[in-house]
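Asks: Pasting a structure below so you can have a look.
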DNA sequence: TCGCTTTTGATATTTTTTTATCGATTATTA
DNA sequence: TAATAATCGATAAAAAAATATCAAAAGCGA
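Below you can see the structure in the form of structure tokens.
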């Protein structure tokens, strides 16, 4: 690849994308790094440096960057142009909330189904099917599901993860407050809601 | 203060805490940096450096760190020993899931109430009251609520945030996919579920 | 057209974070 | 008790990221 983009920058791209889409929705055609920085709490220099890595069209002095170009560039870089199917594993309250959440679509992610061991929640929610856990192997293959959202209980986390991987899922976003073991080649990221909130509380004491 | 602890380390502490509590639950009294590193996907050196900043007792060569000491140290540093009250604003699906989520207790955070503009959800869920939005001013004061969890729709985000701040909330964790403006002194952190998931998808292509 | 303002992009600098190395200390075992 | 293995803490080096500076290009108004 041309110029390696830093990991930190990569992590910021989804946030840029969200902001830029908001601006596009307001009808703004051009936007300057200073405006983006102000809105997102970054420095203008940082924004320019981040954008320099992916913008196909350079920003124009005097007016700034073309919003639609930037959106296209970021989406292309992040691979959002291609559809990715996802599934929720664990159809509890949080899992069903994820199943209903419509924000994923903007990133080209389609949550197409959920799975749960407990028979009481089998059925459908928001027009999306909830399957019994044992059907995960068949459904993942049929629906070409690549990503899993793990929202089971702590006790079931490892077993559910094993099944997901065995079914062919290669990337997992886990909301379970426990570490699970995954083989090499499987990507797992932990989203610890409690820790995030705790971080906010703790942040009250810090400067940032 | 003695030695400034890096921001990156601070962000890792909640994860350490979670892991250490798991180990404590298994009855392990001592743990080595190598074991922690292996479980959490870090290097042993990094773990030792992080822990050096907060451990009141130094780790003992040959056996490692005392788990209960570490937990106490981290909790003390993060201020989890004192109770913090929180409230959910926006009692939709995600909001009610947050209201019911019991993982916050482990960090000394107590979600005591929710607020919503829509009358249909006013009432109570999981033994916790859901108030109409206009009562936020009174309830926040009475219950000494310090932190807010924002789960309203994009359209209502700014108005809800303004009310939260006016009511006296100084720290917000927002799940709304839009940036809102807050005055200086108010801490807001965005938790973008879609972006997180997108990051996992994108991460499939990267090396990490 | 001309000067002024805005805004970029490149380079350089500083800060932060990660990683490596190594002697010293403690447990373990024979 | 003595040798061996495990583990730490401190220091140093390397890598990554954030921040500052500034000349040049593009718009804007007179």
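Chains as they are written, first to last, in my numbering: chain A, 130 to 337; chain B, 130 to 337. Even glycine gets a Cβ: it sits at the ideal position worked out from N, Cα and C. Bear in mind that the values here come from a model prediction, so they are computed numbers and not experimental data.
1. Keeping to the same chain, check which residues put their C-beta closer than 7 Å to that of residue 322(B); ignore five residues upstream and five downstream.
2. Determine whether the beta carbon atoms of residue 249(A) and residue 286(A) lie at a separation below 8 Å.
3. Tell me the DSSP bridge mates of residue 214(A)?
4. For a test of the three-state rule: what should DSSP assign to residue 234(A), helix, strand or coil?
5. Excluding sequence positions up to five away, which residues of its chain have a Cβ less than 6 Å from the Cβ of residue 181(A)?
6. From the DSSP output, in three-state form, read off residue 336(A) for me.
7. Look up residue 318(A) in the DSSP assignment and give the residues it is bridged to.
8. My understanding is that residue 276(B) touches residue 215(B), with C-beta atoms under 8 Å, so please give their C-beta distance in whole angstroms.
9. Taking only beta carbons into account, state which residues of the segment 319-333 of chain A come closer than 7 Å to chain B, listed in chain order.
10. Using beta carbons (cut-off 8 Å, strictly below), is residue 169(A) in contact with chain B?
11. Could you tell me the distance, in whole angstroms, from the CA atom of residue 330(B) to the CA atom of residue 267(B)?
12. For the segment 258-276 of chain B, which residues have a beta carbon sitting closer than 8 Å to at least one beta carbon of chain A?
13. Residue 245(B) and residue 228(B) - do their beta-carbons sit closer together than 8 Å?
14. Would you kindly work out how many angstroms separate the C-alpha atoms of residue 203(A) and residue 288(A), rounded to a whole number?
15. Suppose the cutoff is 8 Å on Cβ atoms and the five residues either side in sequence are ignored; what does the same chain contact list for residue 312(B) look like?
16. With H, G and I counted as helix, E and B as strand and the rest as coil, what does DSSP make of residue 130(B)?
17. Any Cβ of chain B within less than 8 Å of the Cβ of residue 233(A)?
18. Pull out every residue of the segment 190-210 of chain A whose Cβ sits closer than 8 Å to any Cβ of chain B, in chain order.
19. Which bits of chain B does residue 279(A) rub up against, with CB to CB less than 7 Å?
20. Does the beta carbon of residue 222(A) sit closer than 8 Å to a beta carbon anywhere in chain B?
Replies: Here's the rundown:
1. Taking the second chain and counting its residues from 1, one reaches residue 322(B) at position 193. Counting only Cβ-Cβ distances below 7 Å, and skipping sequence neighbours, we find 304.
2. In the first chain, counting from the first residue as 1, residue 249(A) sits at position 120. In the first chain, counting from the first residue as 1, residue 286(A) sits at position 157. No, they are not a contact pair.
3. Taking the first residue of the first chain as 1, we reach residue 214(A) at position 85. Per the DSSP secondary-structure output, residue 214(A) pairs in a beta bridge with 239(A), 274(A).
4. Position 105 of the first chain, counted from the first residue, corresponds to residue 234(A). It is helical.
5. Looking up residue 181(A) in the first chain gives position 52. Apart from sequence neighbours up to five positions away, no residue of its chain approaches residue 181(A) with a beta-carbon distance below 6 Å.
6. Numbered from 1 along the first chain, position 207 holds the residue referred to as residue 336(A). At residue 336(A), the pLDDT of 36 sits below 50, so the modelled position is not reliable and the matter cannot be decided from this model.
7. Residue numbering aside, residue 318(A) sits at position 189 when the first chain is read from its first letter. 302(A), per the DSSP bridge assignment.
8. As a working mapping, residue 276(B) is identified with position 147 in the second chain. As a working mapping, residue 215(B) is identified with position 86 in the second chain. A Cβ-Cβ distance of about 4 Å is found for the pair residue 276(B) and residue 215(B), placing them in contact under the 8 Å criterion.
9. Those would be 320, 321, 322, 323, 324, 325, 326, 327, 328, 329, 330, 331, 332, 333, in chain order.
10. The sequence position of residue 169(A) within the first chain is 40, counting from 1. For residue 169(A), the nearest beta carbon of chain B is closer than 8 Å to its own beta carbon.
11. Translated into the one-based positions of the second chain, residue 330(B) becomes position 201. Translated into the one-based positions of the second chain, residue 267(B) becomes position 138. One C-alpha to the other measures close to 43 Å.
12. In summary, the residues of the segment 258-276 of chain B whose CB is separated from some CB of chain A by less than 8 Å are 275, 276, in the order they occur in the chain.
13. Taking the second chain and counting its residues from 1, the one referred to as residue 228(B) is at position 99. Taking the second chain and counting its residues from 1, the one referred to as residue 245(B) is at position 116. No, they are not a contact pair.
14. As a working mapping, residue 203(A) is identified with position 74 in the first chain. As a working mapping, residue 288(A) is identified with position 159 in the first chain. Answer to the nearest angstrom: the Cα atoms are 36 Å apart.
15. For the purposes of this step, residue 312(B) is taken as the residue at position 183 of the second chain. Excluding positions up to five away in sequence, the list reads 294.
16. Taking the first residue of the second chain as position 1, residue 130(B) is located at position 1. Confidence at residue 130(B) is low in this model, with a pLDDT of 44, below 50, so the placement of that residue is unreliable and no value is reported for it.
17. Residue 233(A) sits at position 104 when you count from the first residue of the first chain. Yes, residue 233(A) counts as interfacial toward chain B.
18. Hits within the stretch, in order: 207, 208, 209.
19. Counted from its first residue, the first chain places residue 279(A) at position 150. Correct list: empty, because the minimum Cβ distance to chain B is about 11 Å.
20. For the purposes of this step, residue 222(A) is taken as residue 93 along the first chain, with counting starting at 1. Closer than 8 Å: yes.
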